[in-house]
Amino acid sequence: MLTPPLLLLLPLLSALVAAAIDAPKTCSPKQFACRDQITCISKGWRCDGERDCPDGSDEAPEICPQSKAQRCQPNEHNCLGTELCVPMSRLCNGVQDCMDGSDEGPHCRELRGNCSRLGCQHHCVPTLDGPTCYCNSSFQLQADSKTCKDFDECSVYGTCSQLCTNTDGSFICGCVEGYLLQPDNRSCKAKNEPVDRPPVLLIANSQNILATYLSGAQVSTITPTSTRQTTAMDFSYTNETVCWVHVGDNAAQTQLKCARMPGLKGFVDEHTINISLSLHRRSRKGAQGKEVTQHG
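Under mature numbering (1 follows the signal peptide of the UniProt record, and there is no 0), the residues of the sequence shown are numbered -19 to -1, 1 to 277, in order.
Structure (structure tokens):
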């Protein structure tokens, strides 16, 4: 049974533990601190058009003022006070898409007649700011706010996974050699050659090297190779050989080890290259007392 003084300490200890868990995380100078004060992301991901922070603060208007006017794609409507974009074709269609209802309302009926006098090349829809022209898919409105011109979708980051070719009124995605275009006609996936051999992932840690399928299941026919403080690993697809740096207790015991993996079905022909011999430097005194450096 706890004594009264210990009972009094329990709330304080609980508060300290909670504070430690929720304490703001210190991000490195190369990272961006999300508004939740917990998540750190690469600064290169800030204002790239994709929400990487759980709260989306890396794409917030106050963080990315230059992209505020370009949050929505051409022919899209930005719901007031939010980052939600809806197609202009869905404005005034009787179905509320924006939470504030700005895409529907009395203006749809009151201003619809003004569209005929605006002279839009493609389409017109009433908005809270008045009748507005918009274009067919893959076209964008020009400076006169009436005529339409082909929109280069390839200029928008992420339109295609790899290659993008703009066409009149559309675009075509492609993949580099060794990849296949997926059913969404946008993303690419590496070819699995030969097709009857599933991809295998090599994972090195301080104790061993494991071979697993992409699903996470370990390849049962491969015996993990014991390692010690592996600091680097590479795989030669042509030679079906994996090599890794085996760190010893000192520089002289550091080794480069390699092993063949024929058919990715096991480690064979494991051999060691003593890289310390090629990196070792010895100094000695020359005949005239000058220091001479030798490379082994």
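Think of the CB as a built atom: it goes at the ideal place given N, C-alpha and C, for glycine as much as any other residue.
For R90, there is no enclosing beta strand (DSSP E); the residue is part of the alpha helix (DSSP H) that begins and ends at P87 to E91. The criterion of a C-beta distance shorter than 8 Å is not satisfied by R98 and P107. If one requires a minimum length of 4 residues, the alpha helix (DSSP H) runs lying completely within the stretch 19 to 101 are 87 to 91, in chain order. The three-state secondary structure of G155, taken from DSSP, is strand. For the options I254, G197, N56 and C224, the alpha carbon positioned closest to that of Y115 is the one of N56. With 16 or more other CB atoms across the displayed protein chains lying within 10 angstroms of its CB, K238 is buried.
The stretch 64 to 77 makes no contact with the stretch 135 to 152: fewer than 3 CB pairs, one atom from each, lie closer than 8 Å.
When the alpha-carbon of Q102 is set against those of G111, I19, G197 and F120, the nearest one is in F120. Here L161 is exposed: its Cβ has fewer than 16 other Cβ atoms, across all protein chains shown, within 10 Å. Between L245 and the set P42, H227, T219 and C28, the nearest pair of CA atoms involves T219. The three-state reading of DSSP puts G229 in coil, since its state is none of H, G, I, E or B. Assignment of beta-bridge partners to F120 by DSSP yields D131.
The C-alpha of M214 is placed about 16 Å away from the C-alpha of G229.
The Cβ atoms of L195 and L183 do not sit closer than 8 Å to each other. For A171, the enclosing beta strand (DSSP E) begins and ends at C169 to A171. Judged by beta-carbon spacing, G150 lies beyond the 8 Å limit of K127, meaning their Cβ atoms are not closer than that value. Residue range V249 to I254 is occupied by the beta strand (DSSP E) that includes E251. Membership of N189 in the beta strand (DSSP E) is indicated by the continuous run N189 to Y194. Counting along the chain, the unbroken beta strand (DSSP E) around H104 starts and ends at H104 to T108. Taken through DSSP and simplified to helix, strand or coil, Q163 comes out as coil.
The criterion of a C-beta distance shorter than 8 Å is satisfied by R27 and I44. Secondary structure at P243: helix, using DSSP grouped into helix, strand and coil. For A14, the enclosing beta strand (DSSP E) starts and ends at Q12 to A14. When DSSP states are grouped into helix, strand and coil, Q234 belongs to the helix group.
Looking at F248, G111 and A233, the one whose alpha-carbon comes closest to that of E91 is G111. Note on geometry: alpha-carbon atoms of S168 and D29 lie some 18 Å from one another. In the three-state scheme derived from DSSP, where H, G and I count as helix and E and B as strand, S217 is classed as strand.
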